[in-house]
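Q: This is the structure, below, for whatever I ask next.
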Amino acid sequence: MQNNQMAWISPVRKSGLSMFFIGFLVFVGMLFVNNFTLTDNALKNAIGNDTHRQLIQPHLSELMDKTVSNKVTFIESVRSTFSEYDETLNDRYTISSTEIDAIMAEVKGIGHYNLEILPTVFGSVYDESAYKTKKLSDYTGWLAGPQGKPLSEIEQVLREKSAEINANVTDVTNGKRIYAYETGQYIYGLTKNASSGVVAQHTGMFFVLSVLLGTLGALMYIIPDKYTGPAGIKNNNVFTNSATNGGLVGILVTVFLVAVYIALYFFPEYIIEWVSLVDPMFKALNGSGAGSWSIYGFIYTLAIVVMGVRMFIKYRHSKYHIARTSSIIFFQSCFAFLIPEILIKLNQPSTDLKNMWPLDYDFFDAWNLDSLTSSGGVGMFILVWGITLFVVAVPLFTYFFGKRWYCSWVCGCGGLAETAGDPYRQLSDKSMKAWRIERVVIHGVLVFAVIMTGAALYTYFTGVKTLAGIDTYTLRSAYGFYIGALFSGVVGTGFYPKMGNRVWCRFGCPLAAYIGFIQRFKSRFRITTNGAQCISCGNCSTYCEMGIDVRSYAQRGADIVRSSCVGCGVCSSVCPRGVLKLENGAVEAVVDQSKKDDTVQIVQVMTPEEQKAWVN
Amino acid sequence: MSRLVIIGNGVAGVTVARHVRKRSDREILIISSETEHHFSRTALMYIFMGHMKFEHTKPYEDYFWQKNRIDLKQGFVCAIDTDAKHLTLASGEQIEYADLVLATGSQSNKFGWIGQDLPGVQGLFNYQDLLLMEENCQSTKRAVLVGGGLIGIEMAEMLLSRGIDVTFLVKEERFWGNILPKEESVLVQKHGEQHGVKFLFNTELHEVVAGDDGRAKSIITKEGDEIPCEFVGLSAGVHPNIDIVSQSKVAVGRGILVNDYLETNIPNVYAVGDCAEIHVEEGRNRIEPLWYTGKMQGEALAKTIAGERTKYERGIWFNSAKFFDVEYQTYGFVGNEPVDNISSFYWQHPEKELCIRINYQTDTQVVTGINTFGIRMRHEVWENWLANSCKLKYVLQHLKDANFDPEFFRRYEQDVINTFNAQNPNSQLSLSPLHWLTKRFTKEQTHAK
């Protein structure tokens with residue numbers, strides 16, 4: 009048919025796609041529009057700690073008041089200044105043999121040792137200059153002046169005293185160190201404050217041309233699908249399109265996502281323009297403005313909403329998908345996005361009330377417990393709520409409804425997977441081998457999370473910093489780096505277009521592992537198979553995002569009870585014979601023998617034409 | 006030597022192999038010329054439409070066969086010697102057997118139309134057909150399908166997914182008229198038309214005309230109308246593939262003749278699935294070219310071969326299909342034309358493609374079968390109702406129990422009851438409540454047989 013009524017669809021979709029690409033290009037392009045000039049003011053704003061600022065300032069002198077147009081050059085110069093500062097710290101505070109030689113050269117010229125020599129040798133710019141001058145003065149003051157001592161004796165004393173001073177150099181340098189966390193903050197702050205602020209000054213324009221244009225374009229691409237034909241499962245060309253079959257476009261998207269995640273977790277200074285972009289919005293929401301994670305939260309929520317609209321259209325024939333997608337959008341936009349910002353505005357501890365331990369792995373960290381217990385009613389509520397969620401709500405709801413009540417209806421990670429990730433669900437590995445790996449890895453992460461949290465609590469309550477010889481802080485930071493950042497972010501989401509949309513939920517999420525136990529062993533939820541009607545076509549397995557070989561159960565007529573099943577319901581939707589149904593509990597197939605033989609008085613049967621007339 | 010050799014790796018042959026393996030340790034060999042591994046024939050359409058790749062249609066991972074010591078050989082059996090108990094492959098290789106299972110499947114029907122073997126004309130049954138169709142559709146803009154059944158509607162969906170124009174020639178006056186009652190036929194037809202299919206009823210193929218390139222360029226109907234097309238899909242049913250078997254001593258009719266135990270006239274030789282023609286004492290022998298029956302026959306035959314001689318009994322009839330977006334299920338028996346002493350209660354949604362037809366004996370009101378379109382029904386419940394000869398009132402009032410639609414779907418039981426009550430003003434039925442609370446706390450499924 010493809011008749012004239014549909015002629016508008018293709019141009020609208022194509023323009024939408026173009027608009028999306030322009031928006032995307034502007035979004036990425038804005039990262040490269042700024043120049044960077046490091047000024048005193050920028051330094052003051054970026055490094056609030058006076059000691060640190062005074063320590064690093066002389067080292068940054070070469071960068072001061074120069075305009076750098078290349079962002080990478082600027083950031084990496086700043087970074088290398090900090091790392092050089094750190095690496096050469098002990099050397100710089102050590103009085104070297106060369107310096108003694110230089111002093112001795114001066115001494116030879118004058119004929120005797122003199123304290124005025126010291127600044128000329130050590131200089132006066134750096135902190136260590138003053139330190140070394142001062143120390144050597146203290147130790148060798150008695151030697152100064154024309155005392156007629158032989159040069160060899162002066163040199164010997166200087167060398168002995170220097171060695172004495174140098175022996176304790178770490179006592180001094182420990183206080184001079186700028187640690188990695190602060191360094192990161194300073195690099196971010198310096199970049200932000202040195203930036204020429206093109207985006208910050210034209211937020212409105214950039215916002216419209218990137219986010220708004222892209223969103224509008226995406227919607228123009230998505231919505232017309234509703235008018236292309238009757239509702240139903242249309243997975244046409246999923247495996248011939250390189251965006252969805254793991255091909256070239258998929259790889260490019262993966263590279264982009266991985267780069268963004270690495271920037272977010274480890275190099276936020278590269279995305280300061282994105283932070284500026286949403287700064288006014290966050291100022292309005294939380295009163296203080298945007299941080300590097302704000303843009304992430306915003307784009308994340310936007311992706312769930314826009315791709316949620318796609319779900320509404322793609323599955324418009326299925327109320328189940330409409331219901332769960334609505335739920336996901338609600339929880340993401342309210343619980344994960346708005347409420348935490350409003351809590352900040354109200355000066356309360358901020359949290360995502362639907363997130364819970366062990367997915368929220370730092371819930372039991374000392375700083376969080378301290379902050380919650382010391383901030384009154386709201387803090388206590390959040391603490392009690394957070395514990396109740398995983399102690400009471402998980403077993404209870406999972407018993408009645410299965411894992412899905414959380415994983416595909418509430419959770420933010422699941423929310424992104426079910427909306428933005430939906431086009432990639434067919435890429436999850438269905439092999440037995442993948443299942444074996446999955447079980448080892450996900451339960452390993454759960455064990456890691458439990459040990460890490462247990463150790464943190466042990467330290468919190470006893471004050472003892474090590475447990476069985478292991479530093480509990482090291483455990484926590486290892487978990488945060490390997491699991492929190494690399495696994496759940498970089499791999500978990502970055503690899504959607506290659507490994508499917510539930511990489512994290514399937515292989516990594518400790519909460520999913522915990523809920524999975526309950527679903528597997530103590531839940532009423534199962535997917536039932538309708539008699540012997542499976543035709544083994546494989547649609548269910550192919551479109552299972554969790555990599556469950558659904559068909560292997562269905563073709564045996566067996567119920568599917570698997571700890572990993574998140575109950576998205578897509579297997580049931582794509583089944584061409586209606587064989588699968590998500591159910592909370594068994595259904596009796598009993599015939600009431602006392603009633604089955606009752607008859608009715610049948611007068612006359614309407615013809616279908618009469619029936620239609622009656623209905624209308 | 007006690008080697009079991011199975012010719013054909015479709016669902017019937019593979020089911021025999023799997024179930025024999027469950028019961029015995031003997032050597033099992035499956036020979037197929039189609040593909041190395043068993044795949045789901047019913048999923049061919051999804052490969053063409055890009056929903057899946059071929060790998061996804063394999064019900065068992067490749068390691069499965071070795072792990073279960075089921076040997077596979079890709080080759081074409083060109084001779085069967087039942088005296089010497091050996092097979093000859095096209096490669097010349099000879100293979101001996103102790104037991105032989107023929108599971109050679111079907112071939113597409115061709116009725117001697119002129120030009121039926123031209124390039125661009127094909128049926129769709131096996132993997133090679135799929136590859137051919139892929140090739141044939143490279144530059145196709147218009148297609149004509151011949152014969153109004155399930156494969157035809159699948160081919161229509163496949164072709165439309167590539168933007169190819171589809172004209173459907175149906176010999177009968179309505180779609181799938183030898184199976185579906187009129188209302189259901191019309192429902193499917195309208196749905197197909199919404200998707201863009203042009204149906205021509207009471208129309209038969211006369212000739213496929215070749216173009217200058219030697220490929221099909223148009224068809225001519227019996228009425229003499231010419232329809233230009235680059236592709237002709239033959240979907241006028243299938244017949245047992247017995248080309249090789251018929252040259253052996255195994256008795257054949259339309260298919261390979263077997264008794265209720267799926268045994269042929271030769272000891273230790275069996276036939277199963279599409280290719281088997283089951284002897285019936287009174288009436289026409291049965292050929293059951295269905296996925297479900299192939300599987301059930303395979304299970305029964307495996308028992309027999311493993312030493313527990315078992316009759317194939319197909320139990321209460323069921324079938325299901327999907328026409329574009331509309332799912333169809335049937336339980337029991339619903340004829341395409343009115344039958345004496347069988348009445349029909351029919352409900353159809355005023356706008357959506359949803360309908361239910363419940364047939365019952367006019368005198369006793371015992372329900373004999375159901376057709377349902379767009380509403381999923383629970384197999385086990387219907388099997389129970391039919392096995393227990395439940396009457397119409399009971400079935401209507403308990404219709405909720407049989408619903409198998411996903412959660413949150415709009416339910417139509419009340420509409421069905423209202424329609425019935427409107428038709429029969431003297432007997433006001435009401436739905437019996439679903440005891441959802443008690444149901445939720447019921448421990449395990451109970452089976453009433």
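Chains as they are written, first to last, in this note's numbering: chain A, 9 to 624; chain B, 6 to 454. The beta carbon of each residue, even a glycine, is placed where N, CA and C say it ideally should be. Nothing here was measured: the structure is a model prediction, and the numbers come from that model.
Could you name the residues of the stretch 523 to 547 of chain A whose beta carbon sits closer than 8 Å to any beta carbon of chain B, in the order they occur along the chain?
A: The residues in question are Arg532, Asn538, Gly539, Ala540, Gln541, Ile543, Ser544, Cys545, Gly546, Asn547.
Q: Taking DSSP as the reference, what is the three-state secondary structure of Ile75 of chain B?
A: In the structure shown, Ile75 of chain B sits in a strand (DSSP, three-state: E or B).
Q: How big is the Cα-Cα spacing for Asp455 of chain B and Ser326 of chain A?
A: This structure gives no information on residue 455 of chain B, because the portion of chain B shown stretches from 6 to 454.
Q: Counting contacts by CB-CB distance shorter than 8 Å, is Trp118 of chain B in contact with chain A?
A: No, because no Cβ of chain A sits closer than 8 Å to the Cβ of Trp118 of chain B.
Q: Is Gln155 of chain A helix, strand or coil by DSSP?
A: Gln155 of chain A: coil per DSSP, three-state reduction.
Q: Just by C-beta distance, which residues in the stretch 34 to 66 of chain B are closer than 7 Å to chain A?
A: Cβ contacts with chain A: Ser45, Thr47, Ala48, Tyr51, Met54, Gly55, His56, Met57, Lys58, His61, Thr62, Pro64, Glu66.
Q: Give me the chain A residues within the contact set of Asp330 of chain B, using Cβ-Cβ distance strictly less than 8 Å, ordered along the chain.
A: By Cβ distance, chain A contributes Pro238, Ala239, Gly240, Ile241, His325.
Q: Based on the DSSP secondary-structure assignment, which residues constitute the bridge partners of Gln353 of chain B?
A: Partner(s): B:Cys360.
Q: Measure the CB-CB distance between Leu380 of chain A and Ile395 of chain A and report whether it falls below 8 Å.
A: No; because the gap between Cβ atoms is not below 8 Å, this pair is not in contact.
Q: If you compare alpha carbons, which of A:Gln541, A:Ile526, A:Arg532, A:Phe515 is closest to Ile556 of chain A?
A: Of the listed residues, the one whose Cα sits closest to Ile556 of chain A is A:Phe515.
Q: Check the Cβ of Asp605 of chain A against every Cβ in chain B and list those closer than 7 Å, keeping chain order.
A: Residues of chain B passing the Cβ test: Lys396.
Q: Since Thr248 of chain A meets chain B, which of its residues come closer than 8 Å, beta carbon to beta carbon?
A: Simply Gly55.
Q: Decide yes or no for the touch test of the stretch 522 to 530 of chain A against the stretch 359 to 378 of chain B: beta carbon pairs closer than 8 Å, at least 3 of them.
A: In short, these stretches do not touch, since the Cβ pair count stays below three.
Q: Does any residue of chain B have a CB that is nearer than 8 Å to the CB of Met9 of chain A?
A: Low local confidence applies: a pLDDT of 44 at Met9 of chain A is under 50, so the model's placement there is unreliable, with the coordinate-based value given in what follows. Chain B contact via Cβ: present.
Q: Buried or exposed for Trp282 of chain A, going by 16 or more other Cβ atoms inside 10 Å?
A: Answer is buried; the Cβ neighbour count reaches 16.
Q: Keeping to the same chain, check which residues put their C-beta closer than 7 Å to that of Gly1 of chain A; ignore five residues upstream and five downstream.
A: Lying outside 9 to 624, the shown extent of chain A, residue 1 of chain A is not represented and no answer is given.
Q: I'd like to know whether the C-beta of Ser166 of chain B is nearer than 8 Å to at least one C-beta of chain A.
A: It does: the Cβ of Ser166 of chain B has a partner Cβ on chain A nearer than 8 Å.
Q: Measuring alpha carbon to alpha carbon, tell me which of B:Val257, B:Arg259, B:Gly258, B:Val277 ends up nearest Tyr266 of chain B.
A: Residue B:Val277 is the option with its Cα nearest to Tyr266 of chain B.
Q: At what residue ranges does the stretch 98 to 169 of chain B contain a whole run of the alpha helix (DSSP H), taking only runs of 4 or more?
A: 132 to 141, 155 to 166, all fully within the stretch 98 to 169 of chain B.
Q: Quick test of your reading: Gln133 of chain B and Glu39 of chain B, contact by CB under 8 Å. State the CB separation rounded to the nearest angstrom.
A: Confirmed, about 7 Å.
Q: Any beta carbon from chain A within less than 8 Å of Lys444 of chain B's own beta carbon?
A: The pLDDT assigned to Lys444 of chain B is 48, lower than 50, so where the model puts this residue is not dependable, and the model offers no usable value.
Q: Report the residue from A:Val453, A:Ser560, A:Lys184, A:Ala152 whose alpha carbon sits nearest the alpha carbon of Asn57 of chain A.
A: Cα-wise, what sits closest to Asn57 of chain A is A:Lys184.
Q: For Val16 of chain B versus Lys300 of chain B, is the C-beta distance shorter than 8 Å?
A: Against a cut-off of 8 Å, the Cβ pair of Lys300 of chain B and Val16 of chain B comes out as a contact.
Q: Suppose the cutoff is 6 Å on Cβ atoms and the five residues either side in sequence are ignored; what does the same chain contact list for Ala307 of chain B look like?
A: Same-chain partners within the cutoff: Val21, His24, Val25.
Q: Under 8 Å between beta-carbons, which chain B residues line up against Thr550 of chain A? List them in chain order, please.
A: Here the neighbours are His56, Met57, His61.
Q: Can you tell me whether Trp301 of chain A is buried or exposed, with buried defined as 16 or more other CB within 10 angstroms of its CB?
A: Exposed, since its Cβ has fewer than 16 Cβ neighbours within 10 Å.
Q: In chain A, which residues lie less than 8 Å from Tyr317 of chain B when you measure between Cβ atoms?
A: What Tyr317 of chain B touches in chain A: nothing, since even the nearest Cβ is about 14 Å away.
Q: Given a cut-off of 8 Å on the beta-carbon distance, is the pair Val213 of chain B and Gln121 of chain B in contact?
A: Contact flag set, yes.
Q: Check the Cβ-Cβ distances between Phe81 of chain B and every residue of chain A, and say whether any is below 8 Å.
A: No, Phe81 of chain B does not count as interfacial toward chain A.
Q: Out of B:Glu388, B:Ala148, B:Asp217, B:Arg259, which has the shortest C-alpha to C-alpha gap to Ile232 of chain B?
A: Ranking B:Glu388, B:Ala148, B:Asp217, B:Arg259 by Cα distance to Ile232 of chain B puts B:Ala148 first.
Q: Using the Cβ count rule (16 or more neighbours within 10 Å means buried), how would you classify Gly497 of chain A?
A: Label assigned to Gly497 of chain A: buried.
Q: Alpha carbon to alpha carbon, how far is Lys454 of chain B from Lys604 of chain A?
A: The predicted model places Lys454 of chain B with a pLDDT of 35, which falls under 50 and marks its position as unreliable, so this point remains unresolved.
Q: Please identify the residue among B:Asp420, B:Glu385, B:Trp70, B:Lys90 whose C-alpha is closest to the C-alpha of Val599 of chain A.
A: The option with the nearest alpha carbon to Val599 of chain A is B:Glu385.
Q: Using a Cβ cut-off of 9 Å, pull out every chain B residue sitting near Gly577 of chain A, in sequence order please.
A: Pro411, Glu412, listed in chain order.
Q: Roughly how many angstroms lie between the CA atoms of His61 of chain B and Val151 of chain B, to the nearest whole one?
A: If I take the Cα positions, the gap works out to 29 Å.
Q: For Gln609 of chain A, which of helix, strand or coil comes out of DSSP?
A: Three-state result, Gln609 of chain A: coil.
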